[in-house]
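Quick note on numbering: our numbering labels position 148 of the sequence shown as 137, and the sequence is numbered without any gaps. Here is the structure we will look at, set down as structure tokens.
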Amino acid sequence: MPLRFDILTLFPEMFAPILGTSIPKRAANKGLVEYCLTNIRDLSTDAHKSVDDRPFGGGPGMVMMCQTIFDAVEHAERQDPRVATRIILSPQGRVFDQALATELAGKDRLLLIAGHYEGFDERIIDGLSPMQVSIGDYVLSGGELAAMVVIDAIVRLLPGVLGADDGAADETFADGLIEYPQYTRPRDFRGMPVPEVLLSGNHKAIAAWRLEQRKVRTEQRRPDLWDAFIRKSAEEK
Ligand code: 6GU
């Protein structure tokens, strides 16, 4: 059975170019995933097709209403007997990382709710008990781009999606270090040579150089990851 993604959004047309390209498309064509879009506005029951309203207590912006979201979740969930893991994309959520991508890649059904406007009526959170996920500490105009980021990161982890050559096992974050630098032809480009060791054919020396590069770059660029790596290394001793 393919991993089923239900995506609830006011802008389903935003998803086609991303899910219909490259790896997300290949995964769907191989039958490994399925994308099911629901337009939240289609579930609106009033004459104006409302999906949002002004906040009680005043304040700027509009708030996503309960009725359309609850009905859209129930509409989507009825389409398949499997229990969906519900996820709301929100800057108030847990920050998405590779560990969460790996965890979610083990589920068989994910339902993503992408909101717009200032936020969701809190009873959507209380009543649907979704996991709340953010993709970082900045504010987007809607959850759609965040949903696509989450989907892409999950899909590429599924067995059979990437070939043996572009495997997802030994890359940045799998072990807490960022990647080593890569080079391809030519050996010299505008006076910038490829590091000699990579041309040596000495696989042990190449592996040692790459590991050292990963450590140096992590320490310089990502002190947060470096601290975690050092702590983990110390614990394993
Ligand atoms: Cl999930 N939504 C919005 N609107 N902004 C964000 C985000 C999500 N994650 C980071 N910024």
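C-beta atoms are modelled at their ideal positions from N, C-alpha and C, and glycine is treated no differently.
Check	Outcome
With a threshold of 7 Å, establish whether the CB of residue 135 neighbours any heavy atom of ligand 1.	yes
Tell me which residues share the same chain as residue 129 and place their Cβ nearer than 8 Å to its Cβ, disregarding the 5 neighbours each side in the sequence.	80 and 135
Answer yes if the segment 74 to 91 comes into contact with the segment 115 to 122, meaning at least three C-beta pairs across the two stretches below 8 Å, and no otherwise.	yes
Quick check on residue 32: does DSSP put it in helix, strand or coil?	helix
Comparing C-alpha positions only, which one of 210, 58 and 199 sits nearest to residue 34?	58
Out of curiosity, what's the CA-to-CA distance linking residue 6 and residue 52?	28 Å
Going by CA-CA distance only, name the one from 133, 171 and 199 that's closest to residue -4.	133
Using 7 Å as the cut-off, classify the Cβ of residue 127 as near or not near the heavy atoms of ligand 1, replying yes or no.	yes
Within its chain, find whatever has a CB closer than 7 Å to the CB of residue 222; leave out the 5 residues flanking it on each side and keep chain order.	none
Identify the continuous beta strand (DSSP E) that holds residue 103 and give its terminal residues.	98 to 103
Suppose contacts are defined by Cβ-Cβ distances below 8 Å. Is residue 23 in contact with residue -7 by that definition?	yes
DSSP puts residue 131 in a beta bridge; with which residues?	105
According to DSSP, what are the bridge partners of residue 6?	Answer is none; residue 6 lacks a bridge partner.
Identify whether residue 11 lies in helix, strand or coil by the three-state DSSP scheme.	helix
Under the assumption that residue 174 contacts residue 182 (Cβ atoms under 8 Å), give the Cβ distance between them as a whole number of angstroms.	Between residue 182 and residue 174 the Cβ distance is about 12 Å, and since that is not below 8 Å, they are no contact.
Quick check: the Cα distance between residue 60 and residue 31, rounded to an integer number of angstroms?	10 Å
Going by DSSP, what residue range makes up the beta strand (DSSP E) through residue 77?	74 to 84
Near residue 170, what residues of its chain come up, given a Cβ to Cβ distance below 7 Å and the 5 sequence neighbours on each side ignored?	202
Any idea what DSSP makes of residue 123, helix, strand or coil?	strand
Could you tell me which of 44, 137 and 84 sits nearest to residue 109, measuring between CA atoms?	44
So who's on the other strand from residue 231, going by DSSP bridges?	The shown model of the chain, from -10 to 226, leaves out residue 231, and the question about it has no answer.
Given this structure, state the Cα-to-Cα distance separating residue 164 from residue 200, to the nearest angstrom.	11 Å
Under the assumption that residue 220 contacts residue 167 (Cβ atoms under 8 Å), give the Cβ distance between them as a whole number of angstroms.	So it is not a contact: roughly 17 Å between Cβ atoms.
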